[in-house]
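2 protein chains.
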Amino acid sequence: MPDDVVGLDACATRVIDEPRVEAARAQLLPEDELNDLAQLFRLLGDATRARLLYALLEAGELCVCDLSAATGTPETNVSHALRLLRTAGIVKARRSGRMMFYSLDDAHVRMLLDISREHLRHAKGRHL
Amino acid sequence: MPDDVVGLDACATRVIDEPRVEAARAQLLPEDELNDLAQLFRLLGDATRARLLYALLEAGELCVCDLSAATGTPETNVSHALRLLRTAGIVKARRSGRMMFYSLDDAHVRMLLDISREHLRHAKGRHL
DNA sequence: CTGATATCTGATTATATGTTCAGATATCAA
DNA sequence: TTGATATCTGAACATATAATCAGATATCAG
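Line by line, the protein sequences are chains Y and G.
Yeah, the first sequence ends on 129 if you go by this note's numbering, and it's all consecutive.
Yeah, the second sequence ends on 129 if you go by this note's numbering, and it's all consecutive.
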């Protein structure tokens with residue numbers, strides 16, 4: 002059989018740069034890590050959640066009703082959104098009486114929010 | 002009318018920490034910026050696209066068929082994915098003969114990928 | 001206890017989007 | 001030119017998920 006045909010996990014595709022492909026394959030992230038990473042980004046990739054996160058980035062800590070007021074998001078939506086973010090370890094909650102105060106739970110996420118905002122500013126106008 | 006009821010864009014929600022809410026509102030990102038940010042994260046938030054991006058992060062530059070081979074993704078999917086990423090300015094393309102070589106187009110995105118991977122490592126095991 | 005408030009939850013619906021397939025385009029070799 | 005190859009495109013389908021609504025839980029005041 003020809004040696005330029007791959008028979009592993011891919012379909013029979015011709016490979017142009019064999020060593021580079023091998024290197025890339027060797028460093029592929031494990032499936033579960035990749036899914037976790039994708040999930041992290043997906044959670045940041047919704048306007049409603051992003052609004053909440055940037056509000057928390059600025060305000061530090063806010064209760065559900067204040068988050069609702071500050072972002073103009075119905076409280077139910079805020080609650081649903083925060084549950085997803087909390088389960089993923091992106092925000093943390095602190096109870097005080099009948100209120101729950103939320104804040105960002107991770108320095109890396111804070112960095113992601115910052116850098117992405119910066120990216121946007123720099124990327125503006127570069128592409129058609 | 003009572004002064005603890007908000008009547009601007011939100012529904013009539015009671016506000017707990019008025020000044021903090023005002024501050025958060027004043028610093029809210031404009032809608033279009035927020036949509037762009039959410040779109041950026043959403044594009045990173047898919048396992049197939051993330052696989053391709055991390056492959057490019059490691060390999061530097063790969064053509065479609067090599068990306069397909071390296072990640073085990075059908076070439077059609079690779080092409081669809083790369084179009085979205087290219088339109089958003091996340092990857093750039095270089096033609097060489099009948100092949101197209103793709104690579105990451107933005108230092109910030111590279112940072113996002115790095116930091117998120119780091120986040121994952123550190124966050125592993127912290128939450129239930 | 002009862003009532004009021006803040007938040008949460010589950011189910012439904014509507015929308016968005018990743019995947020697949022068939023075929024189109026573009027480049028090169030002969 | 002013709003044929004082969006690499007990539008792209010559009011449409012149909014299937015799945016995921018955000019928004020909405022009704023009602024549940026939890027905390028506190030009286």
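By construction, the Cβ of each residue, glycine as well, lies at the ideal position given by its N, Cα and C atoms.
Annotation for G/Arg-96: the continuous beta strand (DSSP E) segment containing it runs 92-97. Assignment of beta-bridge partners to G/Phe-102 by DSSP yields G/Cys-64 and G/Arg-95. Taking Y/Val-79 as reference, the option from Y/Val-65, Y/Arg-122 and Y/Asp-47 with the minimal CA-CA separation is Y/Val-65. Each of Y/Gln-28, Y/Asp-47 and Y/Leu-57 was checked against the Cα of Y/Arg-111, and the nearest Cα belongs to Y/Leu-57. Around Y/Val-110, the beta-carbon contacts reaching into chain G at under 7 Å are His-120. Shortest Cα-Cα distance from Y/Ser-69 to any of G/Leu-114, G/Arg-26 and G/Leu-121 involves G/Arg-26.
Judged by DSSP secondary structure, G/Gln-40 falls within the alpha helix (DSSP H) whose first and last residues are 32-45. Counting every other CB atom within 10 Å of its CB across the protein chains shown gives G/Ala-108 a total below 16, marking it as exposed.
The C-beta of Y/Ser-104 comes no closer than 8 Å to any C-beta of chain G.
Against chain G, the beta carbon of Y/Leu-41 has neighbours under 8 Å at Gly-46, Ser-117, His-120 and Leu-121, listed in chain order.
Y/Ser-104 is positioned such that its CB atom lies closer than 8 Å to that of Y/Glu-62. A Cβ-Cβ contact shorter than 8 Å links G/Arg-87 with G/Lys-93. Excluding the 5 residues flanking it on each side, Y/Ala-124 has no same chain C-beta neighbour closer than 6 Å.
Ranked by Cα distance from Y/Met-101, the options Y/Ile-91, Y/Leu-83 and Y/Arg-21 are led by Y/Leu-83. With respect to G/Leu-41, Y/Ser-117 sits close: the two C-beta atoms are nearer than 8 Å. Within chain Y, the residues whose beta carbon sits less than 9 Å from that of G/Met-100 are Ile-17, listed in sequence order. Following the DSSP letters along the chain, one finds G/Asp-115 inside the alpha helix (DSSP H) bounded by residues 108-124. Taking all protein chains in view, the Cβ of G/Arg-95 is surrounded by fewer than 16 other Cβ atoms within 10 Å, so the residue is classified as exposed.
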